[in-house]
Every structure is written in C-alpha cells, then in structure tokens.
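Here's the structure we're looking at; comments come further down.
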Amino acid sequence: MTSLENARVLVIGGSSGIGLATARAAAAAGAEVVIASRSAKKLEAAKQDMGVNVTTAVLDITDAEALEAWFGAAASFDHEESRLSGDAD
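Numbering (my numbering), first residue to last: 17 to 105.
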C-alpha cells in the first residue's frame, strides 16, 4: 500500500460503504482523514468505528454556498475522494 504519512485526505461520502472503506485505508496508510457526509449520526458512528486520525464534517454537496464556505475555511487537502450514491448520506 502507498504511504500517505502526513497527508491530509478528504473523503466525501465517507460515513459508510466504499467511502468508509476508503477512509479506513487512508488512515491505515498514515493519513489524517476528514470524512464528510450529510448525516451527523452516520459520521459519529464512522468516527467511533475508525478511532484515530479522523475528523468529520457535515456537508451537503447540493448546497453550493455552504460548500464554498466550508472549503474556504478548511485547511488544504493532499487528496480528495468522493463516494456518492443517490442517498449520499
């Protein structure tokens, strides 16, 4: 596996399924992971499941204004990954 040591990785749709698996893999490779989803409840469960090197962000990708504000305030990322489905939370 490629090392992501000291990398900052954002996984949109990272609270379940393939997105959560991607977040887990990135954390296992040494990354600081931010998982984002519309569901605060799912994010909290994913954070508890992963344990370390993870923070969460409640984001709704259909709200352009909120996305712009969030990305404007967030520190930069080395990698961004989106795992979206029809119910993206």
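Every residue gets a Cβ at the ideal spot worked out from N, C-alpha and C, and that includes glycine.
Since the structure is predicted, the reported quantities are computational estimates derived from the model, not experimental observations.
Of the other Cβ atoms in all chains shown, fewer than 16 fall within 10 Å of the Cβ of Gly33; this residue is therefore exposed.
Across the structure, Asp79 and Gly46 are spaced so that their CA atoms are roughly 31 Å apart. Boundaries for Leu36: no beta strand (DSSP E) harbours it, while the alpha helix (DSSP H) harbouring it runs 33-44, taken from the DSSP string.
Here the C-alpha atom of Gln64 lies approximately 14 Å from the C-alpha atom of Ala73. Out of Arg40, Ala56, Ala23, the CA that lies nearest to the CA of Gly67 is found in Arg40. Here Leu75 carries a coil assignment [DSSP, helix/strand/coil]. Non-local C-beta neighbours of Asp94 in its own chain, meaning closer than 7 Å and more than five positions away in sequence, comprise Ala23, Arg24, Val25, ordered along the chain. Between Ala61 and Leu75, the CB-CB gap reaches or exceeds 8 Å.
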